[in-house]
Amino acid sequence: MIYVANQDTKFTSNVVSGTQPKIQEEIKNEDVTMIDTSTHKGGSPSKTMSKKPLTDEEVKKAHCTHGSNAKCINCLGVTKEMIKEMKTQCKHGPNEKCPNCFEDVKSQFKHESFEHYLLEMKSKCKGQHKPDQKCQNCMPIQQLSYKVNYNCPNHKPFPEGMCNKCVPPAVVLKRQTFRHVDYVSFMNFTEMASFVGSWQQTGCMEQKMAWLYGYYSEDPNYPEGVRVNIEAVYEPPQIGEINGVQELDDPLQNKVDMLAEALTLEKVGWIFTSINHDAFLSAQEVRKIAKLQEQYKVLHPEGYQVSKFVTVVVKPKGDGSEIGIDCYMVSDQCQALERDDIFGNTDSRKKMTLREPTPNEMIPSIIKEGKPAKEFEPDFFIVSLTNGQPKNNKDYNYLKFYDFPVYNRSGKKAPTSKDFKDYIKRHKGETSQRKYACFQALIFLAEMLDIHTALAIAQNVANEQPLDSGLVELLESL
Numbered sequence: 001m002i003y004v005a006n007q008d009t010k011f012t013s014n015v016v017s018g019t020q021p022k023i024q025e026e027i028k029n030e031d032v033t034m035i036d037t038s039t040h041k042g043g044s045p046s047k048t049m050s051k052k053p054l055t056d057e058e059v060k061k062a063h064c065t066h067g068s069n070a071k072c073i074n075c076l077g078v079t080k081e082m083i084k085e086m087k088t089q090c091k092h093g094p095n096e097k098c099p100n101c102f103e104d105v106k107s108q109f110k111h112e113s114f115e116h117y118l119l120e121m122k123s124k125c126k127g128q129h130k131p132d133q134k135c136q137n138c139m140p141i142q143q144l145s146y147k148v149n150y151n152c153p154n155h156k157p158f159p160e161g162m163c164n165k166c167v168p169p170a171v172v173l174k175r176q177t178f179r180h181v182d183y184v185s186f187m188n189f190t191e192m193a194s195f196v197g198s199w200q201q202t203g204c205m206e207q208k209m210a211w212l213y214g215y216y217s218e219d220p221n222y223p224e225g226v227r228v229n230i231e232a233v234y235e236p237p238q239i240g241e242i243n244g245v246q247e248l249d250d251p252l253q254n255k256v257d258m259l260a261e262a263l264t265l266e267k268v269g270w271i272f273t274s275i276n277h278d279a280f281l282s283a284q285e286v287r288k289i290a291k292l293q294e295q296y297k298v299l300h301p302e303g304y305q306v307s308k309f310v311t312v313v314v315k316p317k318g319d320g321s322e323i324g325i326d327c328y329m330v331s332d333q334c335q336a337l338e339r340d341d342i343f344g345n346t347d348s349r350k351k352m353t354l355r356e357p358t359p360n361e362m363i364p365s366i367i368k369e370g371k372p373a374k375e376f377e378p379d380f381f382i383v384s385l386t387n388g389q390p391k392n393n394k395d396y397n398y399l400k401f402y403d404f405p406v407y408n409r410s411g412k413k414a415p416t417s418k419d420f421k422d423y424i425k426r427h428k429g430e431t432s433q434r435k436y437a438c439f440q441a442l443i444f445l446a447e448m449l450d451i452h453t454a455l456a457i458a459q460n461v462a463n464e465q466p467l468d469s470g471l472v473e474l475l476e477s478l
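Below, the structure is given as structure tokens:
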């Protein structure tokens, strides 16, 4: 079976031959249709599922793999028809289940928007106390911290003394129920295709990464939802390896960030490729994401620091015949644990560890499912986001063209004056403000001329104002 509409973005594997990869169109969440391509020519919508649930014992006997005191998605009441409709395109075998297997079950596991989560919390205290009083539901969210106060004035420094005020509480691992971004919209369809195609041309053996630039907006498909709109990709200098990327110093990064700001865009995330199928995200990837989210955090109006920095992962799906895109963040708890240096280093992709304390150091203990734990799975911290492409991918907000040579691309030469002349010829009929609405071309002008001239052009592009005639003459003479 295949699912269409507002599911994870998928690319077909024929990008290398020049075929444009297909990104599924963005449709409202309730407009999802399931098509069975194995039994009906052209497919047909699936039948309405029965509402009679299986007993707990029937479900557990068929699918659960844990002890009697544990719970998993298989313990939920599901119908026999739902089991028959189980998808095997998930990241597990046909005898297992995950939140992606059933639409009805999946809805119980969706993350809610952070803003909606706050409103729900505050609504619980209505009528419970006076307006000038506060309760747990309407109190400002406390910033997570797992640091030990070694300068407590109430006693001698640790290890000679300690008290409840300076010792952080144990870390109880729990999955986050909200997310700070709900949906990732790829406005730069052509550029995304180019990024994936260049990776496939290496046989997927040289991994890639890039920074994503865009803007945030409301998402109408989620209550108080937040959408990130990707408009540009910038590939910094790097060395691709089979299992990762070695990032190099980038003398252009400051100029790129300044150009993005002039276009009223910002760095909203990053994208990387992977050929590993053993986990949604590895332990090392989760820690990297936590570092980036901590680096790109902002102050919420409630006084709580949050990050809306998204991670996009490109990897083969199933038997490798198609390429898929998944979008993630990690939880606020994970971000705080990484910031406070609680995680230990590990070679395992599937297990994260608690760091061993050094002499005269204290580290909070970690509680997993009610028991102290030294190891735990990365999945505890993963927050999944949905993604897609606008129905009309020509509706870019600022950037219009993506046909200029890409900077720092492996195996490709740096753009030249000839490349710029060819670009001008291709778009000679465009208005001046539209002609230069190309991120890579603006980077070239920042290098060829100077950053201030490039910034002025970028501002005209963002404001949709014609360029000065003298500047146009200068650009066309390059």
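Mapping of the sequence shown onto the UniProt record's numbering: residues 1 to 478, in sequence order. Every residue, glycine too, gets a C-beta built ideally from N, C-alpha and C.
Cβ-based burial, residue i [other Cβ within 10 Å; buried from 16]
i, result
"Y402", "buried"
"Q293", "buried"
"V298", "exposed"
"P357", "exposed"
"R287", "buried"
"S307", "buried"
"N345", "exposed"
"S198", "buried"
"C163", "exposed"
"G269", "buried"
"H180", "buried"
"A170", "exposed"
"I271", "buried"
"G244", "buried"
Helix, strand or coil at residue i according to DSSP, with G and I counted as helix
i, result
"R349", "coil"
"P210", "According to the sequence displayed, residue 210 carries Ala and not Pro. DSSP places A210 in strand when its eight states are reduced to three."
"Q305", "strand"
"E191", "helix"
"C163", "coil"
"N229", "strand"
"N387", "strand"
"V172", "strand"
"residue 490", "With the chain covering only 1 through 478, there is no way to say anything about residue 490."
"T177", "coil"
"G240", "strand"
"F343", "strand"
"V472", "helix"
"D379", "helix"
"K122", "helix"
"K291", "helix"
"V310", "strand"
Cβ-Cβ distance between residue i and residue j below 7 Å
i, j, result
"A290", "C327", "no"
"M258", "E231", "no"
"R227", "Y296", "no"
"L252", "Q238", "no"
"L455", "A262", "yes"
"L144", "A283", "no"
"R349", "A279", "yes"
"Y436", "V461", "yes"
"D353", "E369", "Inspection of the sequence shows that residue 353 is occupied by Thr rather than by Asp. Result no, Cβ atoms of T353 and E369 do not sit closer than 7 Å."
"K400", "R426", "no"
"C135", "K122", "no"
"I367", "V172", "yes"
"I323", "V196", "yes"
Span of the beta strand (DSSP E) around residue i
i, result
"D360", "The identity of residue 360 in the sequence shown is Asn, whereas the question assumes Asp. Where N360 is concerned, there is no enclosing beta strand (DSSP E), given that its DSSP letter is neither H nor E."
"Y423", "No beta strand (DSSP E) contains Y423, which is instead part of the alpha helix (DSSP H) from 417–426."
"K267", "266–273"
"V148", "Here V148 belongs to no beta strand (DSSP E), and DSSP marks it neither H nor E."
"L299", "297–299"
Continuous alpha helix (DSSP H) stretch holding residue i: start and end
i, result
"Q128", "Unbroken run through Q128: none, as it is neither H nor E."
"F186", "Here F186 belongs to no alpha helix (DSSP H); instead the beta strand (DSSP E) covers 183–186."
"T453", "451–463"
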